[in-house]
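Asker:
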Ligand SMILES: [Zn+2]
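Numbering (the numbering used here), first residue to last: 259 to 302.
Pasting the structure below:
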């Protein structure tokens, strides 16, 4: 079960099997120096 992550800002995409929100957060932080909405679901 994989999720396809895409970034509308730069066109980045990636498949993530685990923690897709974390991958997206990493991308935003590294490429866009942005933070992610903390209300996003966070599986502990
Ligand atoms: Zn991006």
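All C-beta atoms, glycine included, are put in the ideal place defined by N, C-alpha and C.
Keep in mind that this is a model prediction, so the values were computed, not measured.
1. Where does residue 282 land, buried or exposed, given buried means 16+ other C-beta within 10 angstroms?
2. Does the distance from the C-beta atom of residue 285 to that of residue 270 stay below 7 angstroms?
3. So, with DSSP's three-state summary, where would you put residue 291?
4. Taking a cut-off of 5 angstroms, which residues have a beta-carbon closer than that to any heavy atom of ligand 2, in chain order?
Answerer: Per the coordinate set shown:
1. That one is buried.
2. Their beta carbons are under 7 angstroms apart, which means residue 285 touches residue 270 by this criterion.
3. Secondary structure at residue 291: coil, using DSSP grouped into helix, strand and coil.
4. In the structure shown, ligand 2 is absent; the only ligands present are ligand 1.
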